[in-house]
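In what follows, a structure is listed as structure tokens, so that the remarks can point back to it.
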Amino acid sequence: MARLKFDDNSLISLLCGEHDKHLAHMEKALGVSIVPRGNFLSLSGPADAVATARSGLQALYDRLSRGLPVDSQEVEAVLRLGPPEKASGSAVDENLVIRTRKRHISPRSKNQAAYLQALRDGGLVFALGPAGTGKTYLAVAAAVSRLMKGEIDHVVLSRPAVEAGEQLGFLPGDLREKVDPYLRPLYDALHDMMPRNQVVKRMADGDIEVAPLAFMRGRTLSNAFVILDEAQNTTSVQMKMFLTRLGENANMVVTGDLSQVDLPHGTRSGLRDATEILDGMEGISVVHFDDGDVVRHPLVTQIVRAYDAFEKKTEAGREYMKTPSPGPDSAPRRKSKGKQT
Numbered sequence: 000m001a002r003l004k005f006d007d008n009s010l011i012s013l014l015c016g017e018h019d020k021h022l023a024h025m026e027k028a029l030g031v032s033i034v035p036r037g038n039f040l041s042l043s044g045p046a047d048a049v050a051t052a053r054s055g056l057q058a059l060y061d062r063l064s065r066g067l068p069v070d071s072q073e074v075e076a077v078l079r080l081g082p083p084e085k086a087s088g089s090a091v092d093e094n095l096v097i098r099t100r101k102r103h104i105s106p107r108s109k110n111q112a113a114y115l116q117a118l119r120d121g122g123l124v125f126a127l128g129p130a131g132t133g134k135t136y137l138a139v140a141a142a143v144s145r146l147m148k149g150e151i152d153h154v155v156l157s158r159p160a161v162e163a164g165e166q167l168g169f170l171p172g173d174l175r176e177k178v179d180p181y182l183r184p185l186y187d188a189l190h191d192m193m194p195r196n197q198v199v200k201r202m203a204d205g206d207i208e209v210a211p212l213a214f215m216r217g218r219t220l221s222n223a224f225v226i227l228d229e230a231q232n233t234t235s236v237q238m239k240m241f242l243t244r245l246g247e248n249a250n251m252v253v254t255g256d257l258s259q260v261d262l263p264h265g266t267r268s269g270l271r272d273a274t275e276i277l278d279g280m281e282g283i284s285v286v287h288f289d290d291g292d293v294v295r296h297p298l299v300t301q302i303v304r305a306y307d308a309f310e311k312k313t314e315a316g317r318e319y320m321k322t323p324s325p326g327p328d329s330a331p332r333r334k335s336k337g338k339q340t
């Protein structure tokens, strides 16, 4: 049994959420009971779970006190990260909060915290993992934040233009109209960070550039934050070309999901090669995400896990089929039932 007292009554309703939905989320996740009474919250349940709930609620209240919003995903974040005193890069770690014109973004899992720390440290960062883990979103947020602070001159966002077996030549329109659909996720992330008119102005001025990977050849990208998204669909030659664009005072982030490679059969992913070739090199960070880091709809986590389990089962089946069956010489000989002559 524990009691929490909060001084600002106006923040308690935000902490509890509409119809106490944030409290219900914690109760279900931790197996505790949380009862609001005025400016107190009474907690009961297993001691460890109550301690986690208490620390999480205090972290969320502190966040509200600093003028930052709390939603269901922030509640999930404190549950994933654990109590602030035990989890490096917790939801209350001010050093890892990214501030943009439209949003304040903080890590929602330990791997996201490690990723944000790597983005702050600079250099070259590889982010590998399934969809919905924030690989691209957090990188764009970091890039926009640095641009707004004047720490860099421009942001370059890039993607391979051809994926999922489709060819640009079959799409209608000019080159820009053919390429734009492939770059739409990057535009979406930008619009989440900045007002739409600011995005348009920054792009018109050249401060923000969204371009397919092929447009990177021959360039040196200095004083920039450069992001290559969906990098699993690059070849080794393309990846080497991209990585060697890195100039002075530039950050480079390469994101991808090696379970969703759309290259022609038999072609090795440039992302896989790069992480193997550059493994352990100073100034290069590699952050691995897993299904526990998915921050989209809860069903996405279940979908990712189901596909992983299916692929492992299928792979095990393939390996079984590859196992050579016993040859005729290894089978025990049967005695003939006929008469010997």
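Here the sequence shown is numbered in numbering that gives the first Met the number 0, starting from 0 and rising by one per residue. C-beta atoms are modelled at their ideal positions from N, C-alpha and C, and glycine is treated no differently.
Could you pull out every residue in the same chain whose Cβ sits closer than 6 angstroms to the Cβ of residue i, ignoring the five residues on either side in sequence?
i           : result
residue 330 : Unreliable positioning characterises residue 330 in this predicted model, as indicated by a pLDDT of 48, which lies under 50. The coordinate reading is nonetheless provided below. Cβ within range, chain order: n/a, list empty.
residue 2   : 39, 41
residue 208 : 155
residue 133 : 111, 294
Taking the alpha carbon of residue i as the reference point, which residue from the options has its own alpha carbon closest?
i           : options            : result
residue 233 : 146, 122, 154, 259 : 259
residue 137 : 104, 157, 156, 149 : 104
residue 253 : 227, 274, 278      : 227
residue 6   : 130, 39, 26        : 39
residue 146 : 206, 106, 305, 127 : 206
residue 270 : 280, 291, 239      : 239
residue 28  : 36, 77, 12, 58     : 77
residue 289 : 108, 157, 265      : 108
residue 115 : 43, 250, 312       : 250
residue 243 : 122, 53, 69        : 122
Starting from residue i and walking both ways along the beta strand (DSSP E), at which residues does that stretch end?
i           : result
residue 4   : 1-4
residue 131 : Premise fails: residue 131 is in no beta strand (DSSP E) and is neither H nor E.
residue 271 : Unbroken run through residue 271 is the alpha helix (DSSP H), 269-276; no beta strand (DSSP E).
residue 251 : 250-255
residue 157 : 153-158
residue 208 : 207-211
residue 230 : Segment: none, residue 230 is in no beta strand (DSSP E) and carries neither H nor E.
So is residue i buried or exposed if we call it buried at 16+ other beta carbons inside 10 Å?
i           : result
residue 263 : exposed
residue 90  : For residue 90, the pLDDT reaches just 42, beneath the cut-off of 50, and the residue's location in the model is therefore unreliable, leaving the point undetermined.
residue 276 : exposed
residue 236 : exposed
residue 153 : buried
residue 17  : exposed
residue 95  : buried
residue 222 : exposed
residue 149 : exposed
residue 224 : buried
residue 309 : exposed
residue 110 : buried
residue 159 : buried
residue 230 : buried
residue 51  : buried
Where DSSP assigns a beta bridge to residue i, which residues make up the other side?
i           : result
residue 40  : 3, 35
residue 284 : 124
residue 223 : 153
Ignore the nearest five residues each way along the sequence and tell me which others in residue i's own chain have a CB closer than 7 angstroms to its CB.
i           : result
residue 188 : 135, 136, 139
residue 24  : 71, 74
residue 197 : 100
Hey, is residue i's beta-carbon within less than 7 angstroms of any beta-carbon in chain D?
i           : result
residue 226 : No chain D is present in this structure, which holds just one protein chain.
Could you spell out where the alpha helix (DSSP H) holding residue i opens and where it closes?
i           : result
residue 18  : Unbroken run through residue 18: none, as it is neither H nor E.
residue 204 : 195-204
Going along the chain, which residues of its own chain have a beta-carbon closer than 8 angstroms to the beta-carbon of residue i, five neighbours each way excluded?
i           : result
residue 130 : 256, 259, 293, 295, 299, 303
residue 278 : 285
residue 102 : 140, 191, 192
Taking 6 angstroms as the cut-off, is the CB of residue i close to at least one heavy atom of the ligand SAM?
i          : result
residue 44 : Summarising the ligand content, the structure contains no ligands, and the ligand SAM is consequently not present.
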